[in-house]
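> So for the sequence shown, this note's numbering puts the first residue at -14; every next one is plus one.
We put the CB at the ideal spot given by N, CA and C, even for glycine.
Below is the structure I would like to discuss, written out as structure tokens.
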Amino acid sequence: MAKFLAELLGCTLPEKGASPMFECRSQPHIGVRHVTKQRPTIFGTLIEKPLGDHNADKMPQTPPFPVMYGSNVYNKNLYKAKEEDYEGLYYHENNLVSGSLEGLIEHLVPTVAYYPDRTYIFTFLLSSRLFIHPYELMSKVCHLCVDQQRLTDPQADKARVRKIAPKILQLLTEWTETFPYDFRDERMMKSLKELTHRLSTGDELYRKAVQQMTQTLIRKLTTLSQYEEALAKINSSVTDRLTVLKTKPQSIQRDILTICSDPFTLAQQLTHIELERLSYIGPEEFVQAFVQKDPLDNDKRCFSDHKKASNLEAYVEWFNRLSYLVATEICMPVKKKHRARVIEFFIDVARECFNIGNFNSLMAIITGMNMSPVSRLKKTWGKVKTAKFDILEHQMDPSSNFYNYRTALRGATQRSITAHSSREKIVIPFFSLLIKDIYFLNEGCANRLPNGHVNLEKFWELAKQVMEFMTWKKVECPFDRDRKILQYLLTAPVFSEDALYLASYESEGPENNMEKDRWKSLRSSLLNRT
């Protein structure tokens, strides 16, 4: 993880001739409410997402995130219940801004007269793992629920239990739906089963609610396991293209243009992959990536004994694969005019990705075309009409903290808010920059205040950024799937960096002594391997 973060946080848009952002070479949804025949242009109004949970019909009736999070302040999350009941909580202008860990845990637990705000539930469940393991938090929540409501007392007021049970079940439902990966831990499942058993005993209505919640959770965890197995299978089938070249005549090899010659179609299939992989990233993965030992905790790190999801890393690996695939497709053809045609094709694909709102694939394509083995092909680039590529590079220019990209992203987000179709709802951010933003937010503010309180004001902002991502990842891809194209994008062999240089030198010979020496070294290395 440390190496992963070091590579990730050093990323900027590569200049021509630079290496890709990462060194790793390894390696869905349908549903449209309304289809519009007009395709937005590259400079048209782009995209956005409403913040928050729209399942507001569920109890409790708490305002969704769009109301809670304004654009000009940390949060507008007002707490009117139990402010005076908890010790160790600090409010400023009726906003909860800090508190002791125990006080914040107690603030999470519902009572007959109180239910925590949905923003607080999400924010605390997201950030608490920096201080306490999720299974320990679950154990404390269960203990408070049982103790406060006397659920172990056979003489407990049944009317009181009926009032509190729906609230506890709602809290557990929100936890299992938003952070299902926490429940891969058997200790979490054990606590969940014990508490829900107490709530549902003797009441058929609650028993059915518990059964539905549990079945939904199991389906999510099963789907995750199947996804991880599919990824492993895909990665095991990806080989170095150089090996393929040595065993298969180049004249009968497939390339991207034989699989798909329409830029818009390829951009659609890239969007399928992006949205599918985004959908499996849990919100807790953004926090787990930066977990350090809590200075007030003498025990080991919170996640040292917990199986963490790795969907975030897998998504970054997909970015790397796409960059190398683009470079491979450009360097592989023998003829200069064919290489130029492939470059122009990927420029058009990148433009379509921009128009769709798929900024991650856009940046991966630009990165691949800016890799040194590609950028050095001056004769090939001389045959290319680069005006469109220059516009795309300008849009993703890293200067002024990616100002142009952030402007386009805001436009994309705005379009999503007013969208009439799933097509217009798509927002796929440049993921590495999103991670970088969250990392620096985490590093720029202390987790705890000098008095030992948890700095909840920091975590409101963290939750705001992560929740925006959560709304983006829920969009269903409206485009038809093309299995042949998807299979090629995911499994086609790609050149290693050395193989890219070798292919580049074979296409356009070395221009200086350094390139000549490298070419000789690469050829010698290839001969030794054979």
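1. Measure the Cβ-Cβ separation of S492 and L362 and say whether it is below 8 Å.
2. Check the C-beta distance from R391 over to E269 and give it rounded, since I have them as a contact under 8 Å.
3. Exposed or buried, P435, counting other C-beta atoms within 10 Å across all chains shown (16 or more means buried)?
4. With 16 as the cutoff for other CB atoms within 10 Å, does G494 come out buried or exposed?
5. Between the Cα of R239 and those of T476, L485 and Y490, spot the shortest distance and give me the residue it belongs to.
6. Alpha carbons only, please: which of E442, C316, T250 and E171 is nearest the one belonging to H77?
7. So S124 packs on H438, CB below 8 Å; how close in whole Å?
8. Which class does R239 belong to by DSSP, given the choice of helix, strand or coil?
9. For R433, name the three-state secondary structure that DSSP assigns.
10. How is the alpha helix (DSSP H) around L307 delimited, first residue to last?
11. Output needed for V272: all residues of its chain with C-beta closer than 7 Å, excluding positions within five of it in sequence on either side, in chain order.
12. Which residues share a DSSP beta bridge with M123?
13. Measure how close the beta-carbons of V82 and L260 come, nearest whole angstrom, since I'm counting them as under 8 Å.
14. Using 8 Å for Cβ pairs, my map puts V451 next to G342. What's the rounded Cβ distance?
15. Secondary structure at L511, three-state DSSP: helix, strand or coil?
16. Inspect the beta-carbon positions of M356 and L485 and report whether they are closer than 8 Å.
17. Report, in whole angstroms, the separation of the C-beta atoms of I350 and A335, which I expect to be a contact under 8 Å.
18. Please confirm if the stretch 147 to 164 is in contact with the stretch 90 to 105, defined as three or more CB-CB distances below 8 Å between the two stretches.
19. Going by C-alpha distance, which of F415, L177 and Y388 is nearest T256?
20. Assuming L202 contacts Y191 (C-beta within less than 8 Å), just tell me the rounded distance between them.
21. Quickly, what does DSSP pair I413 with across the bridge? List them, please.
22. S246 to R326, Cα distance in whole Å?
23. Which of the three DSSP states is assigned to G353 in this structure?
24. Going by the beta-carbon positions, is the gap between S264 and K458 smaller than 8 Å?
25. Tell me where the alpha helix (DSSP H) around Y191 begins and ends.
26. Can you tell me which of the three DSSP states G73 falls into?
27. P463 and D333: beta carbons closer than 8 Å?
28. In the DSSP assignment, what are the bridge partners of T96?
29. Our contact map puts W445 next to T108 with C-beta atoms below 8 Å; I'd like the distance itself, whole angstroms only.
30. Return the first residue and the last residue of the beta strand (DSSP E) that G367 is part of.
31. Please report the Cβ distance between L419 and F454, rounded to the nearest whole angstrom; I am assuming they are in contact, meaning their Cβ atoms lie under 8 Å.
32. Let's see if you can read the secondary structure: which residues bound the alpha helix (DSSP H) around L81?
33. For my contact list, K321 and K370 are in at a C-beta cut-off of 8 Å; report their separation, rounded to the angstrom.
34. Does V319 come out as helix, strand or coil in the three-state DSSP assignment?
35. Hey, quick one: how far does the alpha helix (DSSP H) through Y265 stretch, first residue to last?
The structure says:
1. Closer than 8 Å, so yes.
2. Between E269 and R391 the Cβ distance is about 25 Å, and since that is not below 8 Å, they are no contact.
3. Exposed is the call here.
4. Residue environment for G494: exposed (fewer than 16 other C-beta atoms within 10 angstroms of its C-beta).
5. Shortest Cα-Cα distance from R239 to any of T476, L485 and Y490 involves T476.
6. Nearest of E442, C316, T250 and E171 to H77, Cα basis: E442.
7. About 22 Å separates the beta carbons of S124 and H438, which is beyond the 8 Å limit, so they are not a contact pair.
8. Annotated three-state conformation of R239 is coil, per DSSP.
9. In the structure shown, R433 sits in a strand (DSSP, three-state: E or B).
10. Run containing L307: N296 to C316, per the alpha helix (DSSP H) assignment.
11. Taken in chain order, the residues that qualify are L111, S112, R114 and L115.
12. According to DSSP, which records beta bridges pairwise, M123 is partnered with nothing at all.
13. About 36 Å separates the two Cβ atoms, so there is no contact after all.
14. Rounded, the Cβ-Cβ distance is 19 Å, inconsistent with contact.
15. Helix, per DSSP.
16. Yes, Cβ-Cβ distance for M356 and L485 is below 8 Å.
17. At roughly 4 Å, the Cβ-Cβ gap stays under 8 Å, so I350 and A335 are in contact.
18. Verdict: yes, contact present.
19. Among F415, L177 and Y388, the Cα nearest to that of T256 belongs to F415.
20. Contact doesn't hold; Cβ gap of about 16 Å is too wide.
21. Paired residues: N343.
22. Straight through space, the alpha carbons of R326 and S246 are spaced by roughly 11 Å.
23. If DSSP states are grouped into helix, strand and coil, G353 belongs with the helices.
24. In this structure, S264 lies near K458, with their beta-carbon atoms less than 8 Å apart.
25. It spans E189 to S222 - the alpha helix (DSSP H) in which Y191 sits, taken as one unbroken run.
26. If DSSP states are grouped into helix, strand and coil, G73 belongs with coil.
27. For P463 and D333, no; Cβs fall outside 8 Å.
28. According to DSSP, which records beta bridges pairwise, T96 is partnered with Y99.
29. Right, their Cβ atoms sit about 6 Å apart.
30. Premise fails: G367 is in no beta strand (DSSP E) and is neither H nor E.
31. With 8 Å as the limit, L419 and F454 qualify as a contact, their Cβ atoms being about 7 Å apart.
32. From DSSP, L81 is part of no alpha helix (DSSP H) but of the beta strand (DSSP E) over N80 to G84.
33. K321 to K370, Cβ: 15 Å. No contact.
34. V319 carries a coil assignment under DSSP once its states are collapsed to helix, strand and coil.
35. No alpha helix (DSSP H) holds Y265; DSSP gives it neither H nor E.
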